[in-house]
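These protein sequence lines map, in sequence, to chains A and B.
This note's numbering applies: residue 1 is where the first sequence begins, and numbers increase by one.
This note's numbering applies: residue 266 is where the second sequence begins, and numbers increase by one.
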Amino acid sequence: MARILLILLATLFLALMVVLPVVAIFHRAFAEGWGTYLASILDPETLAAIRLTVIAALIVLPLNIVFGVASAWVIARYRFPGRRALLVLVELPFAVSPIVAGLCFLLIYGAYGPVGAALEPFGVQLMFNLTGIVLVSLFVTCPFVMREILPVLMVTGEDEEKAALTLGANGWQIFRHVVLPNISWGLAYGTVLTMARAMGEFGAVSVVSGAIRGQTMTLPLQIELLYNDYNATGAFAAATVLTGLALVTLALRGLLERFGPRRAH
Amino acid sequence: MRAARPAPHILPGFSLSLGISVLFLCLIVLLPISGLLWQLGGLGWSDYLQVMGSERVLTALRVTVTAAAAATLVNGVFGLILAWVLSRYRFAGRGVLDALVDLPFALPTAVAGIALVALYDKSGWVGGLLDHLGLQVAYTWWGIVIAMIFTSIPFAVRAIQPAIEELDAAEEAAALTLGASPSQRFRLVILRPLLPSILTGVGLSFVRSLGEFGAVIFIAGNLPYKTEIASLLILIRLDEFDYPAAAAIAGTLMAASLLLLAAINIAQTRLQAYLRTEA
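This is the structure in structure tokens:
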């Protein structure tokens, strides 16, 4: 009896709080038919926003992967002074709210910040453009890849790597043939998470993007702009793109958990 | 720094991976956060207190904290129920429920924001129903609570779930044979050992709610002195180029989050140690 009641309660809560809002997005997006939906998606400003979002994510992704692998490797395999501090710093962005994060970047890399002001004479501007968007996206996605790889490295241990070393393999060979196969699932999942988060970040990006129509508007910013312009259909149509991305992320996660090795936690 | 003592780093790649990590963290995490501290440092105590003491800032902080607390309360209860159902029962559709818990985490906050308005606005499905009853959620404090519940429920569930999976079913059976009443079994055998993880879940949910921006601003109405959250006020001060005021509010918010997380960490360790000695 308690069992049925609790399952019912849990289902009801998720249906009301999670499923219904997502259904509402698609309902509003298609309220005026397929034609309007497609026209909204193919609107030049929305397309430009999609393009910018993808470009930013494609820059963030490799940088975050290199950092994630390097930091997980150094934390898992070596003992050195400052190791704990490193771990805390990687996780820190989780604790900083998006607007505060954006503000931090503005205060240091903006025209009035010490670094921004020092670079200005050279004609280098870091904020209110693609660079700014990439920098804050790196901040908000910073722990994602590392977090997925670190537990895997901890569990697999270093015996195989040492064996490869004694057999004469160099660093790159060890990484390519021993480490990479071990961490590939974690890496894949971390990459998916980074991608989704980088493309969907709103608060931090809205502080540093400059919000120039058709130029520095990422997709989430474009959604806000359309919504505030009373173009609800356009906003919800654009939102379906990001919702689709979120659903794909969840599906990939499900696949990785099902067919990948059991994730270590 | 002096060259590290000859540590037994047998595996290659130490300097390279440490170098990459330190460089990245300096540019992306350390420098920006010191930017905020630098701005705060230039602000005297009296300036800081003047910014934080203004009626508008105090109201925004109160709205943010009370809404986050309300959302956290709901998430504590439903987080426990969801975690329990997902880890204890096997039923058709369990996998779907499990995946749905992560949806708020995967869904971009701006999308969540307009989705919730679409639902809770007078013209929306739920908002229309509530309107008949004379209730309004969208553009009120309650709307802020709903948005915070949405974005932070995964944190509560995912923190509690592993602890339930580790509960010893034999203890529950033993309590049953020893004649414990259902309420005794729930309080002493189930709830007690779960307390540390519930604390973590509730704490993470609260910290996340404090800083939530995207999901909230669409449904909040954003009326100064009424439904304006702290994050939005930071953005408004920024648009006015009042960097010191923005930094003061942001610094307060960040310090509160970090202190809370540290406190949760310590409390969790203590509680675990206490429960272990009691057992």
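We put the beta carbon where it would ideally sit given N, CA and C, even for glycine.
Remember, predicted model here, so these are calculated numbers, not experimental data.
- Taking every protein chain shown into account, the CB of B/T331 has fewer than 16 other CB atoms within 10 angstroms, so this residue is exposed.
- Counting only the Cα atoms, A/Y189 lies some 30 angstroms from B/V342.
- In chain order, L89, L92, P93, F139 and C142 make up the part of chain A whose C-beta sits under 7 angstroms from the C-beta of B/V294.
- For A/K162, the enclosing alpha helix (DSSP H) has its first and last residue at D159 to T166.
- By the Cβ-count criterion, A/N64 is buried, with 16 or more other Cβ atoms from all chains shown falling within 10 Å of its own Cβ.
- Under the Cβ distance rule, B/T329 does not count among the residues neighbouring chain A, no pair being separated by less than 8 angstroms.
- Look at the beta carbons and you see the region 89–106 of chain A not touching the region 164–180 of chain A: under three pairs across the two are nearer than 8 angstroms.
- At the C-beta level, B/T337 and B/V481 stay beyond 8 angstroms of one another.
- Sequence-distant Cβ neighbours of B/L351 in its own chain, meaning closer than 7 angstroms and more than five residues away, are R359, L362, D363 and Q426.
- For the pair of segments examined, the region 124–131 of chain A was found to touch the region 206–215 of chain A: the number of CB pairs separated by less than 8 angstroms reaches three.
- At least 8 angstroms separates the CB of A/G186 from every CB of chain B.
- Put simply, of A/G33, A/G102 and A/F30 the residue whose alpha carbon is nearest the alpha carbon of A/S206 is A/G102.
- A contact is defined here as three or more CB-CB pairs under 8 angstroms, and the region 49–65 of chain A fails this definition with respect to the region 403–410 of chain B.
- Here B/S319 is exposed, its C-beta having fewer than 16 other C-beta atoms within 10 Å.
- A straight-line Cα-Cα distance of about 16 angstroms links B/D386 and B/T492.
- A straight line joining the alpha-carbon of A/I25 with that of B/A333 spans about 25 angstroms.
- For chain B, the residues of the region 96–124 of chain A that bring a beta carbon within less than 9 angstroms of one of its beta carbons are V96, S97, P98, I99, V100, A101, G102, L103, C104, F105, L106, L107, I108, Y109, G110, Y112, G113, P114 and V115, in chain order.
- For A/M199, the enclosing alpha helix (DSSP H) starts and ends at L180 to G200.
- When the Cα atoms are used, B/I529 and B/R473 turn out to be separated by approximately 14 angstroms.
- Taking C-beta separations shorter than 8 angstroms and ignoring five residues to either side along the sequence, the partners of B/G378 in its chain run A412, G479, A480, V481, I482, F483 and I484, following chain order.
- Chain A places no beta carbon closer than 8 angstroms to that of B/Y313, leaving this residue out of the contacts.
- Taking the Cα of B/L432 as reference, the smallest distance to any Cα among B/A445, B/T442 and B/L460 is reached at B/L460.
- Judged by DSSP in its simplified three-state form, A/V124 adopts coil rather than helix or strand.
- Counting along the chain, A/P93 sits inside the alpha helix (DSSP H) bounded by residues R83 to A95.
- Taking C-alpha positions only, B/H397 is separated from B/A380 by approximately 21 angstroms.
- A/R28 is classed as buried because its beta carbon has at least 16 other beta carbons within 10 Å across all chains shown.
- The alpha carbon of B/F356 has as its nearest neighbour, out of A/G123, A/A238 and A/R3, the alpha carbon of A/R3.
- When 9 angstroms is used as the limit between beta carbons, B/T374 is near these residues of chain A: P98, G200, E201, F202, G203 and P220, in chain order.
- If you draw a straight line from the Cα of A/V23 to the Cα of A/A56, it is about 28 angstroms long.
- For the pair B/L464 and B/L536, the CB atoms are nearer than the 8 angstroms cut-off.
- Under a 10 Å Cβ-count criterion, B/T542 is classified as exposed, with fewer than 16 other Cβ atoms of the shown protein chains found around its own Cβ.
- A/L225 is positioned such that its CB atom lies no closer than 8 angstroms to that of A/M199.
- Interface criterion met: the Cβ of B/V350 is under 8 angstroms from a Cβ in chain A.
- 8 angstroms or more divides the Cβ of A/A204 from the Cβ of B/L523.
- A/Y227 is classed as buried because its beta carbon has at least 16 other beta carbons within 10 Å across all chains shown.
- The Cβ atoms of A/L107 and B/G300 lie closer than 8 angstroms to each other.
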